[in-house]
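Mapped onto the working numbering, the consecutive letters of the sequence shown carry residue numbers 1464 to 1851.
Where is the CB? At the ideal position from N, CA and C, for every residue including glycine.
Small disclaimer: the values here were computed from a predicted structure and weren't measured.
Below: one structure, written as structure tokens.
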Amino acid sequence: MANGQLLTTAVEDEAQAPTTAETVLELDGVAKRFGSEDIIGDLSLAVREGEILTLLGPSGCGKTTTLRLIAGLEKPNAGQVRLQDETVAGDGRFVPPEERGVGVVFQDFALFPHLTAHENVAFGLQEWADAERDARVDELLELVGLTDHGEDYPDELSGGQQQRIALARSLAPEPEMLLLDEPFSNLDVDLRVEMREEVRRIIKETGVTAISVTHDQEEALSISDRVAVMNDGDIEQIDTPQQVFQQPESRFVAGFLGHASFLPGEVHGDHVETALGRVLRDDVHGLAHQYDGSIVDLLVRPDDVTAYPAAEAEADGRVVYRRYLGPTVLYRVELDGGETIECMHNHSDRIDLDERVGVRVTADHELAWFPADHRTEPDADQVPSGAD
Ligand code: ATP
């Protein structure tokens, strides 16, 4: 799992999809069963025009099945799928994939090996007049930066170039919506980062609404306008990358989006008393007064806390794990009270394994929190991280 410090979000430097934008896709109470197994329970989702939404979750949680339900490659057992206000699945209707105006970029790119890049891009434009088709293909090859590679066959293209052609082919017929299934999983790590930026640029330039699927949280946070975190066939939270990372609504979301430690503390008036000292109530996001006197768990990411070598009288715990990650070093500290806290320091920092350390909460943002008496999942009426 990637560390919190390395995570960047696309929306920091670019405008998000406007919240007033029209809804282009709606899933309403969608369920999907394979045999006797419920894969998707009761899933509802609305996607706005022009946004990039990523379905993020662990392997087997139902992301690809959701994408296939949207594409029309699977039929739901219950609920409706609506595209541009038209029911395409449900209520006794089923519009086949080729009539939905949806383009799909597959994990393995699925280029036709016997066709050139130009012919691959032109594939979905058979009905177009020759001149129009050639002009559209040229436009797309330019958009994806491969004007000079139109006559190359897929095996003459690099992985990144193949992905650009796959994207251009899906965009060619001007789909209402683009679906991307694990689009970067076939690329090596360095290329993945470059292609994320490039794919986001291309999608934003065309203005197409896009839904992507991944189990890589860094990828989801960096390319998306909104992220839907899925678990066991359901959506746990859907929001901007910053919100799902900084204000997760469940412990599952908190843990899935990066290292998460939970620091228990008792709420007393203007502060929370923890094993690491007082955390001011103002530094905890929306800690409602109904929790006064009760125990809450503060969510601390590794860059929210700092450890330092300390004399026994001042020590809070012991370093039980140390991992050098290049730019940073990750320490795991077992506190004397039994809790474990992870700390991320600069690479030049050197604290030894087994060393006694003090730990301070040094976060410069409001911490999220969870009621401690609901250590598995908070109840709906005990909304954490902002309840009031
Ligand atoms: P991954 O990240 O590993 O691709 P995912 O979240 O995309 O996982 P899905 O591919 O949607 O998960 O699969 C969800 C569950 O549904 C899995 O348990 C899978 O085995 C099962 N499943 C998917 N397609 C079928 C099918 N055609 N028949 C039977 N079971 C299926």
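Shown here for residue 1639: same chain residues with a beta carbon closer than 6 Å to its own, the five before and five after excluded, namely 1564 in chain order.
Selection 1807, 1762, 1758 and 1681 evaluated against residue 1782 yields 1807 as nearest (Cα-Cα).
For residue 1534 against residue 1642, the beta-carbon gap comes to about 6 Å, under 8 Å, which counts as contact.
Measuring C-alpha to C-alpha distances from residue 1695 to each of 1716, 1688 and 1612 identifies 1716 as the nearest. For residue 1509, the uninterrupted beta strand (DSSP E) run begins and ends at 1500-1511, by DSSP. The beta carbon of residue 1780 lies closer than 7 Å to those of 1796, 1797, 1798, 1799, 1820 and 1822 in the same chain, with the five residues before and after it left out.
Here the region 1675-1691 makes contact with the region 1510-1526; the two share three or more CB pairs at distances below 8 Å. In this structure residue 1824 is not in contact with residue 1720, their Cβ atoms being roughly 20 Å apart against a cut-off of 8 Å. Counting the other Cβ atoms within 10 Å of the Cβ of residue 1530 gives 16 or more, which makes it buried. Counting only beta-carbon distances shorter than 5 Å to the non-hydrogen atoms of ligand 1, the qualifying residues in chain order are 1497, 1502, 1522, 1523, 1524, 1525, 1526, 1527, 1528 and 1678. Between residue 1570 and residue 1645, the C-beta gap is smaller than 8 Å, which places the two residues in contact. When 1574, 1600, 1759 and 1544 are compared, the shortest CA-CA separation from residue 1505 is found for 1544. For residue 1711, no beta strand (DSSP E) encloses it, and the DSSP letter there is neither H nor E.
When beta bridges are read from the DSSP output, residue 1643 appears opposite 1568 and 1675. The region 1578-1587 and the region 1650-1668 do not touch, with fewer than 3 CB-CB distances between them shorter than 8 Å. Per the DSSP secondary-structure output, residue 1833 pairs in a beta bridge with 1760.
For residue 1517, the enclosing beta strand (DSSP E) covers residues 1515-1519. Note: residue 1724 is bridge-paired with 1763 in the DSSP secondary-structure output. When DSSP states are grouped into helix, strand and coil, residue 1703 belongs to the coil group. In the structure shown, residue 1664 adopts helical secondary structure according to DSSP, grouped into three states. Taking a cut-off of 8 Å for Cβ pairs, the region 1824-1833 and the region 1747-1757 touch, as three or more such pairs fall below it.
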